[in-house]
Amino acid sequence: MRNGDATTIDVPATSADAKGKAPAGAAPIVATTKATKYAKGGWRRGMAIFDFILRLGAIGATLGATATMGTTEQTLPFFTQFFQFQASYDDMPTFTFFVIANAIASGYLFLSLPFSIFTIVRPHAVGARLLLLILDTAMLAMTTAAAAAAAAIVYLAHDGNSSANWNAICQQFTDFCQQASSAVVASFIAVVVFMLLIVMSALAMRKH
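According to full-length UniProt numbering, the sequence shown is numbered sequentially starting from 1.
What follows is the structure, encoded as structure tokens:
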């Protein structure tokens with residue numbers, strides 16, 4: 001007989017019972033399923049906690065990429081203050097898009113923290129995980145596009161392109177290129193974290 005989370009198994013009478021020699025006070029065997037339910041919810045809660053930690057790390061990566069690229073500029077010293085060469089991130093639309101995309105990703109990750117906490121409290125909740133899965137996928141696409149485009153510009157700044165007559169400027173603007181390269185690396189770290197978040201959300205939404 002099944003009652004709530006407990007399953008009662010009736011033990012059939014033995015030959016000793018038939019003769020009236022069964023020991024008094026014999027009780028039915030009770031098997032509970034609560035431990036199984038807790039075990040199933042435990043790994044989901046663990047993944048939800050790891051999801052929250054990864055989001056904190058991604059916030060650091062995207063904020064670092066935004067701040068680093070947003071402050072990237074360098075002015076080369078020359079003989080007079082009226083004749084100078086300056087390189088700034090906003091001189092290139094690709095770097096401007098990079099800053100905007102990573103700033104949006106930072107804001108989204110911060111706003112997603114309450115939903116991540118909710119999945120820790122309710123590990124079996126599907127709606128919150130599905131919402132995070134959809135939005136994480138959108139942020140992954142945007143962050144990947146921004147990081148890849150910026151990486152192409154940084155590559156040209158380091159090596160140039162003789163066929164297109166593009167000179168490598170990193171020999172002169174060393175600080176500018178170092179900051180831009182660091183920002184791109186931080187953004188790609190955020191891309192990897194988004195990929196992990198998506199995989200974890202998909203696994204947590206499985207029924208078994």
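Just so you know, even glycine gets a beta-carbon here, dropped at the ideal spot from N, CA and C.
Contacting residues, own chain, Cβ-Cβ under 6 angstroms from residue i (five flanking each side not counted)
i, result
"Ser181", "Val154"
"Met47", "Met200, Ala204"
"Ala157", "Ile169, Cys170, Cys177"
"Ala65", "Asn102, Ala183, Ala186, Ser187"
"Glu73", "Ser88"
Buried versus exposed call for residue i [16 or more other C-beta atoms within 10 Å across all chains shown]
i, result
"Ser162", "exposed"
"residue 209", "Residue 209 falls outside the range modelled here, since the chain spans only 1 to 208, and no answer is possible."
"Val184", "buried"
"Asp136", "buried"
"Val121", "exposed"
"Ala152", "exposed"
"Ser88", "exposed"
"Arg44", "buried"
"Ala202", "exposed"
"Arg206", "exposed"
"Asp51", "buried"
Inter-residue CB distance, residue i and residue j (contact presumed, cutoff 8 angstroms)
i, j, result
"Gln86", "Thr68", "So it is not a contact: roughly 18 angstroms between Cβ atoms."
"Ser112", "Leu132", "6 angstroms"
Residues near residue i by beta carbon distance below 8 angstroms, same chain, minus five either side
i, result
"Ala61", "Ala186, Ser187, Ile189, Ala190, Val193"
"Met92", "Ile153"
"Ile49", "Ile120"
Of the listed residues the options, nearest to residue i (C-alpha basis)
i, options, result
"Arg129", "Thr137, Ala168, Thr119", "Thr119"
"Ala150", "Gly127, Gln179, Leu111", "Gln179"
"Ala138", "Gly57, Trp43, Thr71, Leu197", "Leu197"
"Ile53", "Thr94, Val99, Ile117", "Ile117"
"Ala58", "Ala202, Thr143, Arg206, Ala148", "Thr143"
"Phe97", "Gly70, Phe115, Met195", "Gly70"
"Phe95", "Ala146, Met195, Gly42", "Ala146"
"Leu140", "Ala148, Leu63, Met195, Ala125", "Met195"
Cut-off 7 angstroms between Cβ atoms - residues of its own chain near residue i, not counting five sequence neighbours on either side
i, result
"Thr166", "According to the sequence displayed, residue 166 carries Trp and not Thr. Answer for Trp166: Leu156, Gly160, listed in chain order."
"Phe115", "Ala128, Leu131, Leu132"
"Val99", "Thr66, Met69, Gly70, Tyr89"
"Leu63", "Ser106"
"Ala125", "Phe118, Thr119"
Closer than 7 angstroms to chain C by CB, residue i
i, result
"Gly64", "No chain C appears in this structure, which consists of one protein chain only."
So, does the region 169-179 touch the region 107-121, judging by three or more C-beta pairs under 8 angstroms?
no
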